[in-house]
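Undergrad: Numbered continuously in our numbering, the sequence shown closes out at residue 130. Cβ atoms here follow ideal geometry from the backbone N, Cα and C, with glycine treated the same way. In this text, all values refer to a predicted model and were calculated from it rather than measured experimentally.
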Amino acid sequence: MSEYHYIFIRPGLPRDRLIQDISAACGAELSHTEDEFIDRAGNLGHAAVEVEFSHEYEDDHGMPFQRYDSLLTIRDFDTDRKRQEATARRIFENLRAFDRYDLILVRDLQELLASSSAAGAEPS
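#1: Buried or exposed for L19, going by 16 or more other Cβ atoms inside 10 Å?
#2: Please report the straight-line C-alpha distance between Q72 and R113, rounded to a whole angstrom.
#3: At what residue ranges does the region 18-71 contain a whole run of the alpha helix (DSSP H), taking only runs of 4 or more?
#4: Can you look up L101 in the DSSP assignment and give me helix, strand or coil?
#5: Cα separation between F59 and L77?
#6: When the Cα atoms are used, what is the spatial distance from K88 to N100?
Written out as structure tokens, the structure reads:
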């Protein structure tokens, strides 16, 4: 069974800045996709990153998914869970460094791994 890592992000606007920041955090260019649910995607060589500008996840397992506008999915091509988590944590820390976003990092929509609030924002 596939297990992915997700970074929920707010605010999701302006979208151009969000995409620039995610690209920089990942170290990869994000391109438009033809997928109905994925707005941008990038290839890290060993993993895919996929951005959804909006999502329909409801709060679950004590995690306030509905507070977050956008979603970044990280999935390792070889299903190497340790490498996938290390990649997700690196991207999360890079996004946190911008100090523009409230973030949560979760494993498989089941386990909260990290959270961060932008300066001056209410805690998530």
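TA: So, to answer that:
#1: One-based indexing of the sequence shown puts residue 19 at position 13. It counts as exposed.
#2: In the sequence shown, residue 72 corresponds to position 66, counting from 1. In the sequence shown, residue 113 corresponds to position 107, counting from 1. So the alpha carbons of these two residues sit roughly 17 Å apart.
#3: 21-32
#4: Locating residue 101 in the sequence shown gives position 95, counting from the first residue. Residue state, collapsed to three classes: helix.
#5: Numbered from its first residue, the sequence shown carries residue 59 at position 53. Numbered from its first residue, the sequence shown carries residue 77 at position 71. So the alpha carbons of these two residues sit roughly 7 Å apart.
#6: To locate residue 88, count along the sequence shown from 1; it is residue 82. To locate residue 100, count along the sequence shown from 1; it is residue 94. Straight-line Cα distance between these residues: approximately 18 Å.
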